[in-house]
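A.B. asks: The sequence shown runs 2 to 320 under the numbering used here. By construction, the Cβ of each residue, glycine as well, lies at the ideal position given by its N, Cα and C atoms. Encoded as structure tokens, here's the structure I'll be asking about.
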Amino acid sequence: MATKSTTIAPQSSGNQQVKTGIAKHISEYWMLYLMMLIPLIYYLVFRYIPMLGNIIAFRRYRAGSSIFGDEWSGLKYFKQFIADQNFWRAFRNTLLLNFKYLLVSFPITLIFALLLNEVRNVRWKKFVQTVSYLPHFISMVIMAGMIRELLSTSGPINGLIESLGGTAINFMSLPEWFTTIFVVSGVWQGIGWGSILYLAAMSGINPELYEAASLDGANKFQQCLHVTIPGILPTVSTLLVLNIGSLCGSAAFEKVFLLYTSTTYETADIIATYVYRMGIGSGNYSYATAISLFQGLINLVLLTAANQASKKLTGSGLW
Numbered sequence: 002m003a004t005k006s007t008t009i010a011p012q013s014s015g016n017q018q019v020k021t022g023i024a025k026h027i028s029e030y031w032m033l034y035l036m037m038l039i040p041l042i043y044y045l046v047f048r049y050i051p052m053l054g055n056i057i058a059f060r061r062y063r064a065g066s067s068i069f070g071d072e073w074s075g076l077k078y079f080k081q082f083i084a085d086q087n088f089w090r091a092f093r094n095t096l097l098l099n100f101k102y103l104l105v106s107f108p109i110t111l112i113f114a115l116l117l118n119e120v121r122n123v124r125w126k127k128f129v130q131t132v133s134y135l136p137h138f139i140s141m142v143i144m145a146g147m148i149r150e151l152l153s154t155s156g157p158i159n160g161l162i163e164s165l166g167g168t169a170i171n172f173m174s175l176p177e178w179f180t181t182i183f184v185v186s187g188v189w190q191g192i193g194w195g196s197i198l199y200l201a202a203m204s205g206i207n208p209e210l211y212e213a214a215s216l217d218g219a220n221k222f223q224q225c226l227h228v229t230i231p232g233i234l235p236t237v238s239t240l241l242v243l244n245i246g247s248l249c250g251s252a253a254f255e256k257v258f259l260l261y262t263s264t265t266y267e268t269a270d271i272i273a274t275y276v277y278r279m280g281i282g283s284g285n286y287s288y289a290t291a292i293s294l295f296q297g298l299i300n301l302v303l304l305t306a307a308n309q310a311s312k313k314l315t316g317s318g319l320w
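Structure follows, in structure tokens:
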């Protein structure tokens, strides 16, 4: 009995010490924990609790009835959108638009950050940063209005085309132009903001590495290639994984919704806008929820695959 009591006592004492340590830490840094409580409540109320509504993807929902649906339907709505050609058109457009944007914006943003890091004139560097950051803070509604005005048949771009002897192009009504408009405007709006994390990672590189490379005869390009890029590689791989994981996401919903028309559905209609039309527009909430669940599953698969590939190629990943 004495032996048992001696083995139990240290365990309870250790647990008590841990609890005391946690309580002491919380009482000492209670203001930080209070600040952390705000985003936790936000995610709980607006991200996790609404997930309970996903049950209507398997139940028939009628307006005015229970928010969890009132009739079990099984996989009916999943089979329905799998047989819907409009859904597959939206699925294809979502992947193509996001992939083309990633293919263009990712290297351009990285190159911009590398070039900006080499600027030694502090005033000029701050001016360039400010100018490149500003488009990110412009409301998407204003941005869409600017794009429409610039590309209208009577806008400055068509004015330039006509002054050179060409014919005005109705850019906003032609499906073949939508991808170019989406990608170019996205790069312009996001290049400055997207370079912030790269610049922050570059500032953490040991300056002695550049000095050593310079003493070895390395020029600026070689220093960038052998010092800067390896130093920010974990950041690059993390951002690339996150971007690949959102290839099927709905981040571009506002922009596409404000720019597309019925004549550009062929290349502009994405899953998010299709879900909006099916859910809010047509009132088929169960069908729209089923599509959203499928979209989330595809994003999870892409994110997991990209993370595993990043770990094998660079040795770093999100988890």
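Going by the beta-carbon positions, is the gap between I245 and T95 smaller than 8 Å?
C.D. replies: Residue 245 sits at position 244 when you count from the first residue of the sequence shown. Residue 95 sits at position 94 when you count from the first residue of the sequence shown. Not in contact: I245 and T95 (Cβ atoms no closer than 8 Å).
A.B. asks: For I192, decide whether its Cβ has a neighbour in chain C, counting only Cβ atoms nearer than 8 Å.
C.D. replies: Absent from the structure is chain C; it holds one protein chain and no more.
A.B. asks: Using the DSSP secondary-structure output, state which residues sit across from W73 in a beta bridge.
C.D. replies: Counted from its first residue, the sequence shown places residue 73 at position 72. W73 is bridged to R60.
A.B. asks: Counting Cβ pairs closer than 8 Å, one from the segment 241-258 and one from the segment 301-316, do we hit at least three?
C.D. replies: yes
A.B. asks: Within the same chain, show all residues whose beta-carbon is closer than 7 Å to that of L151, passing over the 5 residues directly before and after it, in chain order.
C.D. replies: As a first step, residue 151 is located in the sequence shown; it is residue number 150 there, counting from the start. So the list reads P157 and I158, once near-sequence residues are dropped.
A.B. asks: Within 10 angstroms of the Cβ of D217, are there 16 or more other Cβ atoms? Answer buried if so, exposed if not.
C.D. replies: Locating residue 217 in the sequence shown gives position 216, where the first residue counts as 1. That one is exposed.
A.B. asks: Could you give the distance in angstroms between the alpha-carbon of N285 and the alpha-carbon of I192?
C.D. replies: Here residue 285 refers to the residue found at position 284 when the sequence shown is read from its first residue. Here residue 192 refers to the residue found at position 191 when the sequence shown is read from its first residue. About 38 Å.
A.B. asks: Would you mind sorting Y49 into buried or exposed? The rule is 16 or more other CB atoms within 10 Å of its CB.
C.D. replies: For the purposes of this step, residue 49 is taken as residue 48 along the sequence shown, with counting starting at 1. Exposure of Y49 is indicated by the presence of fewer than 16 other C-beta atoms within 10 angstroms of its C-beta.
A.B. asks: Alpha carbon to alpha carbon, how far is D85 from L241? Give it in angstroms, no decimals.
C.D. replies: For the purposes of this step, residue 241 is taken as residue 240 along the sequence shown, with counting starting at 1. For the purposes of this step, residue 85 is taken as residue 84 along the sequence shown, with counting starting at 1. L241 and D85: Cα-Cα distance of roughly 32 Å.
A.B. asks: At which residues does the alpha helix (DSSP H) containing P208 begin and terminate?
C.D. replies: In the sequence shown, residue 208 corresponds to position 207, counting from 1. Start and end: P208 to L216.
A.B. asks: Quick check on the burial criterion: 16 or more other C-beta atoms within 10 angstroms. Buried or exposed for A201?
C.D. replies: Mapped onto the sequence shown, residue 201 falls at position 200. Exposed is the call here.
A.B. asks: Quick one: measure Cβ to Cβ for R90 and E72, integer angstroms, because I've assumed they're closer than 8 Å.
C.D. replies: For the purposes of this step, residue 90 is taken as the residue at position 89 of the sequence shown. For the purposes of this step, residue 72 is taken as the residue at position 71 of the sequence shown. The Cβ separation is near 30 Å, so there is no contact.
A.B. asks: Would T154 and A169 qualify as a contact pair, given that the criterion is a beta-carbon distance under 8 Å?
C.D. replies: For the purposes of this step, residue 154 is identified with residue 153 of the sequence shown, where counting begins at 1. For the purposes of this step, residue 169 is identified with residue 168 of the sequence shown, where counting begins at 1. In this structure, A169 lies closer than 8 Å to T154 by Cβ.
A.B. asks: Under a Cβ-count criterion, where at least 16 other Cβ atoms within 10 Å of its own Cβ denotes burial, should V276 be classed as buried or exposed?
C.D. replies: For the purposes of this step, residue 276 is taken as residue 275 along the sequence shown, with counting starting at 1. It is buried - the Cβ of V276 has at least 16 other Cβ atoms within 10 Å.
A.B. asks: Can you check which of these residues, P235, M144 and T236, is closest to A253 by C-alpha distance?
C.D. replies: The residue you call residue 253 lines up with position 252 of the sequence shown. Nearest of P235, M144 and T236 to A253, Cα basis: M144.
A.B. asks: From I56 to G297, what does the alpha carbon distance come to, in whole angstroms?
C.D. replies: To locate residue 56, count along the sequence shown from 1; it is residue 55. To locate residue 297, count along the sequence shown from 1; it is residue 296. So the alpha carbons of these two residues sit roughly 14 Å apart.
A.B. asks: Report yes or no: do three or more beta-carbon pairs, one from the segment 204-213 and one from the segment 123-137, lie closer than 8 Å?
C.D. replies: no
A.B. asks: For I9, I'd like the list of residues in its chain whose CB is within less than 6 Å of its CB, leaving aside the five on either flank, ordered along the chain.
C.D. replies: Numbered from its first residue, the sequence shown carries residue 9 at position 8. Here the model assigns I9 a pLDDT of 48, short of 50, so the residue's position is not dependable and the matter cannot be decided.
A.B. asks: Please report the straight-line C-alpha distance between G75 and A289, rounded to a whole angstrom.
C.D. replies: Taking the first residue of the sequence shown as 1, we reach residue 75 at position 74. Taking the first residue of the sequence shown as 1, we reach residue 289 at position 288. G75 and A289: Cα-Cα distance of roughly 15 Å.
A.B. asks: Taking only three categories from DSSP, how would you classify R93?
C.D. replies: Taking the first residue of the sequence shown as 1, we reach residue 93 at position 92. Correct three-state label for R93: helix.
A.B. asks: Could you check if I83 is buried or exposed, using at least 16 other CB atoms within 10 Å of its CB as the buried criterion?
C.D. replies: Taking the sequence shown and counting its residues from 1, one reaches residue 83 at position 82. Exposed, since its Cβ has fewer than 16 Cβ neighbours within 10 Å.
A.B. asks: Output needed for S174: all residues of its chain with C-beta closer than 6 Å, excluding positions within five of it in sequence on either side, in chain order.
C.D. replies: Indexing the sequence shown from 1 puts residue 174 at position 173. Around S174: T264.
A.B. asks: Let me know the secondary structure DSSP gives S186 once reduced to three states.
C.D. replies: Indexing the sequence shown from 1 puts residue 186 at position 185. In this structure, S186 counts as helix in the three-state DSSP scheme.
A.B. asks: What are the start and end residues of each continuous alpha helix (DSSP H) run of 4 or more residues lying completely inside the segment 79-163, in chain order?
C.D. replies: As for any alpha helix (DSSP H) of minimum length 4 sitting wholly inside the segment 79-163, the runs are 86-118, 123-134 and 141-152, ordered along the chain.
A.B. asks: List the endpoints of the continuous alpha helix (DSSP H) containing A169.
C.D. replies: Residue numbering aside, residue 169 sits at position 168 when the sequence shown is read from its first letter. For A169, no alpha helix (DSSP H) encloses it, and the DSSP letter there is neither H nor E.
A.B. asks: Quick check on G1: buried or exposed, where buried means 16 or more other Cβ atoms within 10 Å of its Cβ?
C.D. replies: Absent from the model: residue 1. The displayed extent of the chain is 2 to 320, so no value can be given.
A.B. asks: Using only CA atoms, which one of V105, Y199, V142 and M36 lies nearest to W189?
C.D. replies: In the sequence shown, the residue the question calls residue 189 occupies position 188. Per the Cα distances, V105.
A.B. asks: Short check: CB of S186 to CB of I148, under 8 Å?
C.D. replies: Counting from 1 along the sequence shown, the entry for residue 186 is found at position 185. Counting from 1 along the sequence shown, the entry for residue 148 is found at position 147. In this structure, I148 lies closer than 8 Å to S186 by Cβ.
A.B. asks: How is N308 classed by DSSP in three states: helix, strand or coil?
C.D. replies: The residue you call residue 308 lines up with position 307 of the sequence shown. For N308, the three-state secondary structure derived from DSSP is helix.
A.B. asks: Sorted by chain position, which residues of the same chain lie with C-beta nearer than 7 Å to M36's C-beta, five sequence neighbours on each side aside?
C.D. replies: Locating residue 36 in the sequence shown gives position 35, counting from the first residue. Around M36: no qualifying Cβ.
A.B. asks: Hey, F183 and Y78: beta-carbon distance below 8 Å or not?
C.D. replies: By one-based count along the sequence shown, residue 183 stands at place 182. By one-based count along the sequence shown, residue 78 stands at place 77. No.
A.B. asks: When the distance is taken between beta carbons, is A64 closer than 8 Å to S287?
C.D. replies: Numbered from its first residue, the sequence shown carries residue 287 at position 286. Numbered from its first residue, the sequence shown carries residue 64 at position 63. Against a cut-off of 8 Å, the Cβ pair of A64 and S287 comes out as no contact.
A.B. asks: Relative to the alpha-carbon of L116, which residue among I292, L301, Q224 and N300 has its alpha-carbon at the smallest distance?
C.D. replies: Residue 116 sits at position 115 when you count from the first residue of the sequence shown. When only C-alpha atoms are compared, the closest one is Q224.
A.B. asks: Can you give me the C-alpha to C-alpha distance between E1 and R121, rounded to a whole angstrom?
C.D. replies: Since the displayed the chain opens at 2 and closes at 320, residue 1 lies outside it and no answer follows.
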